[in-house]
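Quick notes on the structure that follows.
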Amino acid sequence: MKRTFETVAGVTILVLMLVVLGLLLTAPPALAPQQTQIDPSSLELETEPEDTTLDEVPAQSAPGELVACTMDAKMCPDGSFVGRTGPNCEFSPCPEAVEAVPSPTVHYCEPRETDAHVACIDLYEPVCGFVQVECITTPCNPVPETFSNSCYACANDRVRSYEAGECVEVN
Numbered sequence: 000m001k002r003t004f005e006t007v008a009g010v011t012i013l014v015l016m017l018v019v020l021g022l023l024l025t026a027p028p029a030l031a032p033q034q035t036q037i038d039p040s041s042l043e044l045e046t047e048p049e050d051t052t053l054d055e056v057p058a059q060s061a062p063g064e065l066v067a068c069t070m071d072a073k074m075c076p077d078g079s080f081v082g083r084t085g086p087n088c089e090f091s092p093c094p095e096a097v098e099a100v101p102s103p104t105v106h107y108c109e110p111r112e113t114d115a116h117v118a119c120i121d122l123y124e125p126v127c128g129f130v131q132v133e134c135i136t137t138p139c140n141p142v143p144e145t146f147s148n149s150c151y152a153c154a155n156d157r158v159r160s161y162e163a164g165e166c167v168e169v170n
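Mapping of the sequence shown onto numbering that gives the first Met the number 0: residues 0 to 170, in sequence order.
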């Protein structure tokens with residue numbers, strides 16, 4: 000009984016896969032790129048006013064109209080980056096300066112430490128690992144996360160460096 004069910008299920012899945020494959024092969028390409036000819040003489044060139052700087056993008060849209068800002072970023076004095084925000088596409092303000100904390104020595108994970116076949120021991124010597132994150136709109140700083148030891152920190156494929164000791168939250 001069980002073997003019959005497995006056979007029927009397998010045949011059903013195979014038939015469904017063949018039907019989907021057939022549909023994909025016979026369907027016309029819906030999103031095929033179309034080539035169009037553009038007459039260069041019909042294009043108008045826009046020039047920016049001479050007093051426009053790179054830090055300012057003039058807003059030329061009516062109220063309620065969508066605005067698209069460039070995806071450039073400005074480096075702040077603390078080393079972080081900020082992007083442009085609407086409606087006038089101005090750079091976001093830089094974060095407030097935080098109290099200077101002496102920086103411990105940063106250790107960088109070596110290739111032999113990041114190998115997936117490395118076995119870590121359960122020894123508690125906490126480190127503050129800096130986990131890389133993916134941001135959509137602007138570059139992001141790594142997020143600090145406490146690991147039980149440097150082996151576990153470097154075994155995480157998103158950690159590039161760490162400091163000795165637990166992560167300390169600075170307010």
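Beta carbons are placed, not taken as given, at the ideal position from N, Cα and C, and that holds for glycine. Keep in mind that this is a model prediction, so the values were computed, not measured.
- Listed as beta-bridge partners of Ser160 by DSSP are Tyr107, Phe129.
- Residue Gly128 holds the alpha-carbon nearest to the alpha-carbon of Tyr107 among Ile120, Gly128, Asp114.
- Note that the segment 159 to 166 touches the segment 143 to 150; at least 3 beta-carbon pairs, one per stretch, sit closer than 8 angstroms.
- At least 9 angstroms separates the beta-carbon of Cys75 from that of Cys88.
- Just measuring C-alpha positions, the residue of Pro138, Lys1, Val158 sitting nearest Asp71 is Pro138.
- Between the beta-carbon of Gln131 and that of Arg157 there is about 5 angstroms, and that keeps the pair under the 8 angstroms contact cut.
- If you look at Ala72, you'll find it in the beta strand (DSSP E) that goes 72 to 74.
- Between the C-alpha atoms of Phe90 and Arg83 there is a straight-line separation of about 4 angstroms.
- Using a Cβ distance threshold of 9 angstroms, Asn148 and Cys119 count as a contacting pair.
- By the CB criterion at 9 angstroms, Ala154 and Ala115 fall inside the cutoff.
- Going by beta carbons, Cys150 and Val117 fall inside the 9 angstroms limit.
- Contact between Gly78 and Val66 fails: their C-beta atoms lie close to 29 angstroms from each other, not under 8 angstroms.
- The shortest CA-to-CA distance from Cys134 to any of Glu64, Ala8, Gly21, Phe80 is the one to Phe80.
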